[in-house]
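Trainee:
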Amino acid sequence: MLSVAGRAVRSAFYLTLAGYAMQVIGFVTGVVLARRIEPDQFGIFGLALSLMLIFARVKLWGFNRIILAETDPDDLKVSTQFWMSTAFSLLVFLLLLAARPLLRLIYSSDVVLVATLIAALSVFENEGLASTPETMLARDLRYGLLSLITVLSTFVGQMTSVALALGGLVTFWALFAGYAAKTLSYFVGVWAFAPRRPRLMFSLEEARGMLRQGRFMFWGGVGTFLAFQYDDIAVGTIVGTESLGYYRRAYDLSLVPMSIIGGVLGVTAATYAKVKENREALSETVSFILDAVALIALPASVGLALIAPEFVALVYGEKWLPAVPMLRILLLYSMVRPLNDSIGALAPTLGRFDVDMRFGIVESVVMLVSCTALTLLWGANGAALSAGLTVVVGFYIFYRSLLRPYVDVNYRAIFVPPLLALALGTGVALLAMKVYAPPELWGTLFYKGAIFSGVYGAALLALGRQNLISRLRRLYSVTLGAGRQPQTGPAD
155 MLSVAGRAVR SAFYLTLAGY AMQVIGFVTG VVLARRIEPD QFGIFGLALS
205 LMLIFARVKL WGFNRIILAE TDPDDLKVST QFWMSTAFSL LVFLLLLAAR
255 PLLRLIYSSD VVLVATLIAA LSVFENEGLA STPETMLARD LRYGLLSLIT
305 VLSTFVGQMT SVALALGGLV TFWALFAGYA AKTLSYFVGV WAFAPRRPRL
355 MFSLEEARGM LRQGRFMFWG GVGTFLAFQY DDIAVGTIVG TESLGYYRRA
405 YDLSLVPMSI IGGVLGVTAA TYAKVKENRE ALSETVSFIL DAVALIALPA
455 SVGLALIAPE FVALVYGEKW LPAVPMLRIL LLYSMVRPLN DSIGALAPTL
505 GRFDVDMRFG IVESVVMLVS CTALTLLWGA NGAALSAGLT VVVGFYIFYR
555 SLLRPYVDVN YRAIFVPPLL ALALGTGVAL LAMKVYAPPE LWGTLFYKGA
605 IFSGVYGAAL LALGRQNLIS RLRRLYSVTL GAGRQPQTGP AD
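Note that this note's numbering has the sequence shown beginning at 155, numbered continuously upward.
#1: Where do the N-terminal and C-terminal ends of the alpha helix (DSSP H) with I450 fall, by residue?
#2: Name the residue from F347, L398 and S555 whose alpha carbon lies nearest to the alpha carbon of E498.
#3: Let me know if T642 comes out buried or exposed under the rule of 16 or more other beta-carbons within 10 Å of its beta-carbon.
#4: Could you check where the alpha helix (DSSP H) with W345 kicks off and where it finishes?
#5: Taking only beta-carbon atoms, is L573 less than 8 Å away from chain D?
#6: Taking the C-alpha atoms as reference points, what is the distance between R189 and L323?
#7: For the alpha helix (DSSP H) that G399 lies in, which residues bound it at each end?
#8: Applying the 10 Å Cβ sphere with the 16-neighbour rule, what's the burial state of W474?
#9: Thinking C-beta only, is F379 closer than 8 Å to D508?
#10: Suppose the cutoff is 7 Å on Cβ atoms and the five residues either side in sequence are ignored; what does the same chain contact list for Q383 look like?
#11: Give me, in chain order, the residues of the same chain whose beta-carbon lies closer than 7 Å to that of F569; leave out the 5 immediate sequence neighbours on both sides.
#12: Please check the pair G420 and V490, which I expect to be a contact at CB under 8 Å, by giving their CB distance rounded to whole angstroms.
#13: Can you tell me where the alpha helix (DSSP H) with A284 in it begins and where it stops?
#14: Going by Cα to Cα distance, which pick from L329, A284, T289 and I220 is closest to A127?
#15: Give me the residue from L249, E281 and I272 with the minimum Cα distance to P214.
#16: Using a threshold of 8 Å, state whether the C-beta atoms of G332 and Q312 are closer than that.
#17: Under 8 Å between the Cβ atoms of S496 and T422?
#18: Taking C-alpha atoms, which residue in Y487, P559, A577 and T526 lies nearest to G548?
#19: Specify whether the segment 510-524 and the segment 391-404 touch according to this definition: at least 3 beta carbon pairs, one from each stretch, less than 8 Å apart.
#20: Round the Cβ separation of E396 and P193 to the nearest angstrom and send it over; I've been treating them as touching at under 8 Å.
#21: Which of helix, strand or coil does DSSP assign to A269?
#22: So A454 packs on I414, CB below 8 Å; how close in whole Å?
#23: What whole-angstrom Cβ distance do A462 and R482 have, given they're in contact under 8 Å?
#24: Between the segment 560-567 and the segment 599-613, are three or more C-beta pairs nearer than 8 Å?
#25: Just to confirm my understanding: we take M355, look at its own chain, exclude 5 residues before and 5 after, and list those with CB closer than 8 Å. What are they?
#26: Three or more C-beta pairs closer than 8 Å, one from the segment 572-583 and one from the segment 608-620: is that the case here?
#27: Assuming the contact rule is C-beta atoms closer than 8 Å, V246 and A210 should be a hit. Round their C-beta distance to whole Å, please.
#28: Got a sec: does the ligand SAM put a non-hydrogen atom nearer than 7 Å to the Cβ of L407?
#29: Might you give, ordered along the chain, the residues of its own chain that have their beta carbon closer than 7 Å to the beta carbon of V478, omitting 5 neighbours on each side?
#30: Taking the alpha carbon of Y565 as the reference point, which residue from V546, I551, W532 and F442 has its own alpha carbon closest?
#31: Would you grab the beta carbon distance between V389 and A537 for me? Rounded to a whole angstrom, and I think it's under 8 Å.
#32: In chain order, what residues of the same chain lie with their CB nearer than 6 Å to the CB of R254, ignoring the 5 residues before and after it?
#33: Mapping DSSP to helix, strand and coil, what is P593?
#34: On the criterion of 16 or more Cβ atoms from any shown chain inside 10 Å, does L614 qualify as buried, or is it exposed?
#35: Just to confirm, is the Cβ distance from G368 to F552 under 8 Å?
#36: Going by other Cβ atoms of all chains shown within 10 Å of its Cβ, with 16 needed for buried, is K336 buried or exposed?
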């Protein structure tokens with residue numbers, strides 16, 4: 155029988171495979187949809203989704219995270235969490251219904267209608283009816299099964315949109331239909347395999363306790379929403395749905411580097427919970443995750459920004475080229491967002507719910523002020539810049555409140571060599587383009603990409619071969635080395 159560490163490693167392996175599978179599915183189907191559907195239609199759906207998420211803040215008290223952090227929650231607590239999640243999800247739908255007359259004064263009828271329908275679907279999502287079965291599967295570290303359900307539901311949703319688009323439905327309705335298919339198939343999947351299910355019981359005392367803990371995560375959720383969604387609302391409202399379509403394309407591409415290490419990020423909360431009493435083990439776990447960000451996500455972010463013009467034109471078509479400047483400005487966001495996602499799970503695990511609240515309040519203020527002002531000044535490019543500024547402020551809060559007091563990590567050893575190698579690789583690639591520029595887009599893409607990758611790798615080796623090999627082996631054991639347990643000890 156595998157130890158907790160072994161199960162965590164295996165879980166990361168499954169989530170990594172699932173992440174790669176969803177990347178392939180999303181990429182292939184996304185290309186088809188981008189070539190069939192116009193940017194403004196993506197903008198309509200994206201704006202509707204963002205409007206719904208404003209109302210969804212009401213239900214995001216982190217009830218499932220509270221249960222996940224518990225050592226052994228009883229049936230009463232689990233059932234209370236389920237009924238509270240369900241009630242709050244229904245409340246979101248009712249609030250949006252009531253707000254429709256006001257929303258129609260600002261937004262088109264299509265946007266308001268789709269937002270209402272998405273709110274109805276949200277009752278079945280992982281903060282609603284699917285929350286408890288998903289949490290129970292995660293508590294048992296059954297990420298292999300969760301990964302399979304996620305991949306299959308993603309495939310069903312994306313193929314639904316593709317089939318409709320190829321059949322002639324080249325509007326936002328094709329995107330909504332895919333979203334609905336994905337949501338409902340995931341709901342069915344987690345309920346079919348849930349190891350524990352809620353019962354017809356409810357405790358007011360447990361509910362009050364969850365609300366007391368959840369009020370901190372509620373504000374953290376507000377900050378998360380503003381950091382990740384307010385820019386969509388600002389662009390869609392101030393600039394228009396066509397610009398939002400371009401912005402969403404750039405934003406989605408900026409998340410690709412983080413999705414590469416999704417297997418590692420996906421098990422952080424459960425793994426932190428298993429080692430939270432041991433400072434050395436917790437420090438080693440955090441070091442593993444930061445290694446993944448430094449060695450994989452950071453170079454992927456820079457490399458993508460470097461080849462963005464050729465990549466977007468070749469893959470999605472020249473009509474999507476206005477997204478390139480936005481993608482490059484989102485580089486800061488793309489580099490820092492994985493750090494926040496990897497460290498943020500420490501807050502509820504360590505009982506520091508106040509950090510979540512502070513994180514949410516500060517990010518809310520930064521995003522509201524910076525995004526509104528910068529979008530008014532520079533349109534979607536300004537929104538992209540504000541996204542980066544907001545996550546930087548958020549990471550500073552996590553560093554001061556979580557990393558410094560609770561873990562011992564050698565940040566210089568983890569981040570300095572990759573950053574130096576990135577600077578050198580980027581500089582050499584840009585200089586090489588001055589010397590010789592291939593005439594074809596494909597040639598330019600591979601030319602820049604190969605030079606950047608080669609110089610980056612060579613520079614890392616030159617800066618510390620033995621340390622690099624040790625870090626890569628350790629990272630492999632945490633991500634792809636299913637069944638292997640990482641060695642403990644301080645970070646290099």
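C-beta: ideal position from N, C-alpha, C; glycine also. Keep in mind the model is a prediction, meaning the values are calculated, not measured.
Mentor: Reading off the structure:
#1: Unbroken run through I450: none, as it is neither H nor E.
#2: Glu is not the amino acid found at residue 498; the sequence shown has Gly there. Nearest C-alpha to G498: S555.
#3: Reliability of the predicted coordinates at T642 is poor, the pLDDT of 37 falling under 50, and the value obtained from them is presented with this limitation in mind. Residue environment: T642 is assigned as exposed (fewer than 16 neighbouring CB atoms within 10 Å of its CB, all protein chains considered).
#4: Run containing W345: F326 to F347, per the alpha helix (DSSP H) assignment.
#5: Looking at the structure shown, chain D is missing, and only one protein chain is on hand.
#6: As the crow flies, the alpha-carbon of R189 is around 13 Å from that of L323.
#7: Here the alpha helix (DSSP H) through G399 covers T395 to S408.
#8: Per the 10 Å Cβ criterion, buried.
#9: Judged by beta-carbon spacing, F379 lies beyond the 8 Å limit of D508, meaning their Cβ atoms are not closer than that value.
#10: The beta carbon of Q383 is closer than 7 Å to those of S204 and L207 in its chain, skipping five residues each way along the sequence.
#11: Excluding sequence neighbours, F569 sits near A448.
#12: With a Cβ gap of about 19 Å, G420 and V490 do not count as contacting.
#13: Per DSSP, A284 lies in no alpha helix (DSSP H) and is assigned neither H nor E.
#14: Because the chain spans 155 through 646 in this model, residue 127 falls outside it and cannot be assessed.
#15: Here the sequence assigns Leu to residue 214, which means Pro is not the residue at that position. L214 has its Cα closest to that of E281, out of L249, E281 and I272.
#16: Taking 8 Å as the Cβ cut-off, G332 and Q312 qualify as a contacting pair.
#17: Going by C-beta atoms, S496 is nearer than 8 Å to T422.
#18: Selection Y487, P559, A577 and T526 evaluated against G548 yields Y487 as nearest (Cα-Cα).
#19: No: the two stretches stay apart, fewer than three of their Cβ pairs being nearer than 8 Å.
#20: That belief holds up - the Cβ atoms of E396 and P193 are roughly 5 Å apart, short of 8 Å.
#21: In the structure shown, the three-state DSSP call for A269 is helix.
#22: Indeed they touch by this definition, with Cβ atoms about 6 Å apart.
#23: About 6 Å separates the two Cβ atoms, so the contact holds.
#24: Result no; under three Cβ-Cβ pairs closer than 8 Å.
#25: Spatial neighbours of M355 in its own chain (CB-CB distance under 8 Å, excluding positions within 5 residues in sequence) are listed in chain order as D229, L230, S233 and T234.
#26: Here the segment 572-583 makes contact with the segment 608-620; the two share three or more CB pairs at distances below 8 Å.
#27: Confirmed, about 5 Å.
#28: The ligand SAM is absent from the structure shown, which contains no ligands of any kind.
#29: Only A462, P463 and V466 meet the Cβ criterion.
#30: Its Cα nearest to that of Y565, the residue F442 stands out among V546, I551, W532 and F442.
#31: Indeed, because the Cβ distance is near 5 Å, the residues count as touching under 8 Å.
#32: Contacts found: V266.
#33: DSSP places P593 in coil when its eight states are reduced to three.
#34: L614 comes out buried.
#35: Result no, Cβ atoms of G368 and F552 do not sit closer than 8 Å.
#36: The residue is buried, with at least 16 neighbouring Cβ atoms inside 10 Å.
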